[in-house]
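Peer 1: Below you will find the structure I want to go over with you.
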Amino acid sequence: MKEEPMTRTQDKYIVRLPDGWRDAIKVRAARNRRTMNAEILSALEALVQPSQGDERQSVGEARA
Numbered sequence: 001m002k003e004e005p006m007t008r009t010q011d012k013y014i015v016r017l018p019d020g021w022r023d024a025i026k027v028r029a030a031r032n033r034r035t036m037n038a039e040i041l042s043a044l045e046a047l048v049q050p051s052q053g054d055e056r057q058s059v060g061e062a063r064a
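For what it's worth, UniProt numbering labels the leading residue of the sequence shown as 1, then goes sequentially.
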């Protein structure tokens, strides 16, 4: 079975950025030697994947 190219298996979502954000992301990405896409994914990853402490807190809140 032939594998599909990665771009066809990933979700795509268009985001409208407030004025100035694109330039700010571009600067931050350059500073971190990343593409703009990689910089955005890095920031989103921190939001979506909680740290161990956050995960324990969420479990504790669910038990309360």
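C-beta atoms are modelled at their ideal positions from N, C-alpha and C, and glycine is treated no differently.
From arginine 22 to valine 48, what distance separates their C-alpha atoms?
Peer 2: Going from the Cα of arginine 22 to the Cα of valine 48 covers about 21 Å.
Peer 1: Can you tell me whether isoleucine 40 is helix, strand or coil according to DSSP?
Peer 2: Three-state DSSP puts isoleucine 40 in a helix.
Peer 1: Out of curiosity, what's the CA-to-CA distance linking alanine 38 and isoleucine 25?
Peer 2: Cα-Cα distance, rounded: 10 Å.
Peer 1: For aspartate 11, which of Thr35, Val27, Leu41, Arg28 has the nearest alpha-carbon?
Peer 2: Selected option, being the one with the closest Cα: Leu41.
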